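Residue numbers (the working numbering): 20 to 1136.
(1) Could you name the residues of the same chain whose beta carbon sits closer than 6 Å to that of residue 531, not counting the 5 residues immediately before and after it, in chain order?
(2) Can you give me the C-alpha to C-alpha distance between residue 659 and residue 468, rounded to a whole angstrom?
(3) DSSP three-state label for residue 43, please.
(4) Output yes or no for whether 7 Å exceeds the beta carbon distance between residue 150 and residue 338.
(5) Is residue 480 buried or exposed, if buried means 16 or more other CB atoms sit within 10 Å of its CB?
(6) How is residue 767 classed by DSSP in three states: helix, strand or coil?
(7) Out of 1098, 732, 918, which one is the CA nearest neighbour of residue 442?
(8) Which of the three DSSP states, helix, strand or coil, is assigned to residue 409?
(9) Evaluate contact between the region 658–672 and the region 704–713, counting only Cβ atoms and requiring at least three cross-stretch pairs below 8 Å.
(10) Beta carbon of residue 362, beta carbon of residue 173: below 7 Å?
(11) I'd like to know if the region 396–415 and the region 964–979 are in contact, where contact means that at least 3 CB-CB pairs between them fall below 8 Å.
(12) Taking the CB atoms as reference points, tell me whether residue 904 and residue 243 lie closer together than 7 Å.
(13) Leaving out five residues on either side along the sequence, give the residues of the same chain with a beta carbon under 8 Å from the beta carbon of residue 179.
(14) On a CA-only basis, which of 365, 754, 315, 292 is nearest residue 330? Give me that one, please.
(15) Measure how close the beta-carbons of residue 760 and residue 1000 come, nearest whole angstrom, since I'm counting them as under 8 Å.
(16) Just to confirm my understanding: we take residue 992, look at its own chain, exclude 5 residues before and 5 after, and list those with CB closer than 8 Å. What are they?
(17) Taking only the alpha-carbon atoms, compute the straight-line gap between residue 976 and residue 1113 and give it to the nearest angstrom.
(18) Quick check: what's the CA-CA separation for residue 634 versus residue 276?
(19) Got a sec? Which residues, its chain only, sit under 6 Å from residue 364 by beta carbon, not counting five neighbours each side?
(20) Flag this pair as yes or no: are the beta carbons of residue 749 and residue 835 separated by less than 7 Å?
(21) The beta strand (DSSP E) that contains residue 727, what's its start and end?
(22) Would a C-beta distance cut-off of 7 Å place residue 229 and residue 249 closer than the cut-off?
(23) Between which two residues does the beta strand (DSSP E) holding residue 912 run?
(24) Keeping to the same chain, check which residues put their C-beta closer than 7 Å to that of residue 356; ignore five residues upstream and five downstream.
(25) In its own chain, which residues sit with a C-beta less than 6 Å from the C-beta of residue 470, not counting the 5 before and 5 after it?
(26) Buried or exposed: where does residue 1159 fall if 16 or more other Cβ atoms within 10 Å of its Cβ makes it buried?
(27) In three-state terms, what does DSSP make of residue 572?
(28) Could you check which residue in 770, 726, 772 has the C-alpha nearest to that of residue 752?
(29) Could you pull out every residue in the same chain whose Cβ sits closer than 7 Å to the Cβ of residue 736, ignoring the five residues on either side in sequence?
(30) Measure how close the beta-carbons of residue 335 and residue 251 come, nearest whole angstrom, since I'm counting them as under 8 Å.
(31) Anyone know if the C-beta pair for residue 263 and residue 287 falls short of 7 Å?
(32) Mind checking whether residue 879 and residue 869 have CB atoms under 7 Å apart?
(33) Could you tell me if residue 1125 is buried or exposed, where buried requires 16 or more neighbouring beta carbons within 10 angstroms of its beta carbon?
(34) Note down the Cα distance separating residue 1118 from residue 1046, rounded to an integer number of angstroms.
(35) Where does residue 604 sit, in a helix, a strand or coil, going by DSSP?
(36) Can you give the Cα-Cα distance for residue 819 and residue 813, rounded to whole angstroms?
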């Protein structure tokens, strides 16, 4: 068989695919510069970026994308203004492209069941989410660490200690902290990497049955090759992109679940290739050779799941070439804004360090080998930049992650990226998916409107009684004869002009809803033969408990479930007929003559059925109000009621019908079949024939279905808006549905206008001129939400990227519908690039992974759409409402605490460096260390570590208060907790305190000068402990324990570290005198120095809080 079925269309699809990817790549490459290729007359049309611009009729030149202007810089100016960076990146990109030269995608011939005959080498079918391999792990992790200026600086300083002339203290004082930091990082990365490896291994070792000449063979997912015939059982993941050859279902079709691919939970219908489905057995030869064109419905994509039956497919794309992998981007290593800011501050400190060393050498008078002295001073003052900064911050981040996961108010929350919890406190843009994120993707039938009467959820029992009555009348009338005509038909035949009764209109509407759909009922028997659930033969068991409905849209299922609840049940359906069960248990059979499926262009679906009992032919149609309003007979209520339902957030469908005579139908069928066979403009001709039927249809009813919102979505969005976060909804769904949900979730408030780019549903913005006019129209509107489709967005970004983003950022809310996964990620990158603000993406399906990975902070929801998004995200939550507490409480605390911790650790280094500077200047600028070996290590660790680290428990506002007043969050986005201003204040504090401590020690201890180290160091430790107490805003019992523990440790260590407390032991030879420490004079002098260094700061803090309190203290007082 393998040789006998040459499926030629496979290469054709691959050709199309290759062309598509190639065009996409070139489009991306050129869109920046294509501005100049378009007709230049558009430049004369002003794209107003302000009202004045429009009045002055000024040229479009300034507002065109920056590409033109930036190209004009040349020569030295260009090189200095970023040209060097451009050259470096170009070179590295060129090297990378040489190393991983992309394979050109071209047509491929696939041999069924004979992968060895394939001439080309195709990628391995393995899933790989790891960042490193065994060789790149250590270099990769070290690169990520030494990319930070702080770590690189310490590496250089530590290495300098191997040079005898530069050696200042013990090696361990420099290498121990650096080694500790690197060890912690390497271990953490290794654990993460190992988890990823285990997850991948689990997926790659799933077993599948492969058909070979010798029969079935078990094969691992990673060993599947192009050309293999793979059998996929029900509920099994499809391992690679395949062409669907055969199914165990009698209908020749099966359903697949695509939730991991596109985030949609509804099932998609796929059809087997008819020539292979018809073969009596798989070994049969087909003669003559078959040429059959394949379409998208003959394909099965990797990462989807078979929902019904067992399927056999031939593998056409594997591994990196599968659709799902090509749609995802490589995850980037995320670095928090706070880390970048601290990196800038450490550079400033480094400049200060160099300046101080140069000043010291200058004052020394450049005597002797001055450059060696300069380097020794650099090392002496190296504590200005504290290595403990990274240790403290990393431990702090781990603590915040632990607190988030242990918070009982947001159960099930997982922190997957522990390096960026502070980002949660700095967000300005939140980009959210719709289906499954804001909504539950559970449709509930809410409203039936018949024009004169409307039924809601509380009056559905009336409909039920009408249905029961009308069908019992029919059956009692027809108990004598076999005909089964409905009451409406009797009414019509006797008096066509008489207005129908409400009962008959309900009857007609419910019957239309029960027939016009693409839903299939499936019965699962309780016990399968092989332990699995098997499908029962339909005629065996029509019991309601076993029935589940399959459809490509949850709306459809909701409608059919509703007709079942009012008494008319869909019990069976195949390709040619469907059966309904009446409330009395009678089965009505309808033959399906034609189906016109729903498309995004037509926005409607139709079906022609023949009633088995009466032979009556009826054409039913349902669709969006924009499409149906021109098709149905004149009425005065449809538009108004659609608007009312949309304002309630309901998804509306208009249902209509038309009765056909046998002659009318035969005429239609012949024209329809002829149109389907035409080679040119087939789609247009088919649409024209169908439209000939769609005239003057009888309007039956209007239905309203609600996509239930997630719990507390409205108050959560309200809270985020009050916190100053701008929310953008990016969805693959229809424009109407997206607008509906935007209103019902209060993403767009009731008072706001909505501007829809090109509201006419057939037109999209396709040219530069149209984009220009649309942007000008949008410019004139104020405080107005924007709704735009993916296609229109693409055009706007191609020609007017900067202007569009600028306008969109001024909107209170933006809704982008019909977005592809890559488009979602592109929008995130645009916002980052144009605004420089922090972005957060939240989603729950595989289609949101690219967006989540591109954002500064990605949040995944574990939902019905699988775990793919939550696994790829930095933070995983179980419900959308948890995002409020995650940002307002944990985001706030993480940022505030890290800012305080970072600056305090810098202060700790600055104060000791100031003392060293004073000490050196008093001793004729000698490059001699003030504190030796263990004192320096102990100062940064055991003596002050616990109180300083206890700042991670500090909070300025209670959680309840932060949630009650989300406006407090706005202050965080301004980044005032850690800025050059606050940093300078800490620098001044450090210089003041360092000077007081050293000069105080020298002044008060002139007689016992040898004890200056003991005196100054004791005062320093006390000052640090008091400063921690000064910084704390809310006391925690652990903070008190930490303060006393540190003090206890210091006092205890005085006893056995006496050798360190002499000044430069070699030169002075003085050791600590225990008797001296216990004297009253020592104690009061130390206390006096400490009070002078700290008291003024306490007074200043009190006065500041009194006369200029921060916003949060006004609420807490």
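Note that CB positions come from ideal geometry on N, CA and C, so glycine has one too. Since we're looking at a predicted model, the values are computed, not measured.
To lay it out plainly:
(1) The residue given as residue 531 occupies position 512 in the chain shown. Around residue 531: 639, 674, 676, 719.
(2) As a working note, residue 659 is residue 640 in the chain shown. As a working note, residue 468 is residue 449 in the chain shown. Computed Cα separation, rounded: 12 Å.
(3) Within the chain shown, the letter at position 24 stands for residue 43. With a pLDDT of only 42 at residue 43, under 50, the local geometry of the prediction cannot be trusted, and the value read off the model is given with reservation. If DSSP states are grouped into helix, strand and coil, residue 43 belongs with the helices.
(4) Within the chain shown, numbered from 1, the residue matching residue 150 stands at position 131. Within the chain shown, numbered from 1, the residue matching residue 338 stands at position 319. No. Outside cutoff.
(5) Locating residue 480 in the chain shown gives position 461, counting from the first residue. Burial call: exposed.
(6) Along the chain shown, read from residue 1 onward, the residue named residue 767 stands at position 748. Looking at residue 767 - three-state DSSP - the assignment turns out to be coil, as it is neither helix nor strand.
(7) Here residue 442 corresponds to residue number 423 of the chain shown, with the count starting at 1. With distances taken between Cα atoms, residue 442 lies closest to 918.
(8) Along the chain shown, one-based indexing puts residue 409 at 390. It is helical.
(9) no
(10) Sequence index remark: in the chain shown, residue 362 carries index 343 (1-based). Sequence index remark: in the chain shown, residue 173 carries index 154 (1-based). No, the Cβ-Cβ distance between residue 362 and residue 173 is not below 7 Å.
(11) yes
(12) Sequence index remark: in the chain shown, residue 904 carries index 885 (1-based). Sequence index remark: in the chain shown, residue 243 carries index 224 (1-based). No. Outside cutoff.
(13) Looking up residue 179 in the chain shown gives position 160. Excluding sequence neighbours, residue 179 sits near 185, 394, 398.
(14) Mapped onto the chain shown, residue 330 falls at position 311. It is 292 whose Cα lies nearest to the Cα of residue 330.
(15) The residue you call residue 760 lines up with position 741 of the chain shown. The residue you call residue 1000 lines up with position 981 of the chain shown. Incorrect: roughly 43 Å between the Cβ atoms, too far for contact.
(16) Taking the chain shown and counting its residues from 1, the one referred to as residue 992 is at position 973. The residues are 445, 446, 447, 743, 856, 857.
(17) To locate residue 976, count along the chain shown from 1; it is residue 957. To locate residue 1113, count along the chain shown from 1; it is residue 1094. Each residue's alpha carbon lies about 25 Å from the other.
(18) Looking up residue 634 in the chain shown gives position 615. Looking up residue 276 in the chain shown gives position 257. Computed Cα separation, rounded: 37 Å.
(19) Position 345 of the chain shown, counted from the first residue, corresponds to residue 364. Cβ neighbours of residue 364 beyond the five flanking positions: 1002.
(20) Position 730 of the chain shown, counted from the first residue, corresponds to residue 749. Position 816 of the chain shown, counted from the first residue, corresponds to residue 835. Cβ atoms of residue 749 and residue 835: closer than 7 Å.
(21) Numbered from 1 along the chain shown, position 708 holds the residue referred to as residue 727. From DSSP, the beta strand (DSSP E) with residue 727 extends over 717–728.
(22) Position 210 of the chain shown, counted from the start, is the residue given in the question as residue 229. Position 230 of the chain shown, counted from the start, is the residue given in the question as residue 249. Contact: yes.
(23) Locating residue 912 in the chain shown gives position 893, counting from the first residue. Note, residue 912: premise wrong, no beta strand (DSSP E); alpha helix (DSSP H) at 911–941.
(24) Taking the chain shown and counting its residues from 1, the one referred to as residue 356 is at position 337. So the qualifying residues of the chain are 442, 445, 857.
(25) On the chain shown, position 451 is the one that residue 470 refers to. The answer, listed in chain order, is 656.
(26) What the structure shows of the chain is the stretch from 20 to 1136, and residue 1159 is not part of that stretch, so it cannot be assessed.
(27) Counting from 1 along the chain shown, the entry for residue 572 is found at position 553. Residue state, collapsed to three classes: coil.
(28) By 1-based counting over the chain shown, the position of residue 752 is 733. Of the candidates 770, 726, 772, the one whose C-alpha sits nearest the C-alpha of residue 752 is 726.
(29) Numbered from 1 along the chain shown, position 717 holds the residue referred to as residue 736. Cβ within range, chain order: 746, 764, 765, 766.
(30) Along the chain shown, read from residue 1 onward, the residue named residue 335 stands at position 316. Along the chain shown, read from residue 1 onward, the residue named residue 251 stands at position 232. Their Cβ separation, rounded to whole angstroms, is 14 Å, which puts residue 335 and residue 251 out of contact at 8 Å.
(31) Locating residue 263 in the chain shown gives position 244, counting from the first residue. Locating residue 287 in the chain shown gives position 268, counting from the first residue. Their beta carbons are not under 7 Å apart, which means residue 263 does not touch residue 287 by this criterion.
(32) Residue numbering aside, residue 879 sits at position 860 when the chain shown is read from its first letter. Residue numbering aside, residue 869 sits at position 850 when the chain shown is read from its first letter. No, Cβ-Cβ distance for residue 879 and residue 869 is not below 7 Å.
(33) Locating residue 1125 in the chain shown gives position 1106, where the first residue counts as 1. By the 10 Å Cβ count, residue 1125 comes out exposed.
(34) Against the chain shown, residue 1118 aligns to sequence position 1099. Against the chain shown, residue 1046 aligns to sequence position 1027. When rounded, the distance between both Cα atoms is 13 Å.
(35) Along the chain shown, read from residue 1 onward, the residue named residue 604 stands at position 585. Residue state, collapsed to three classes: coil.
(36) The residue labelled residue 819 in the question sits at position 800 within the chain shown. The residue labelled residue 813 in the question sits at position 794 within the chain shown. Their Cα atoms are separated by approximately 10 Å.
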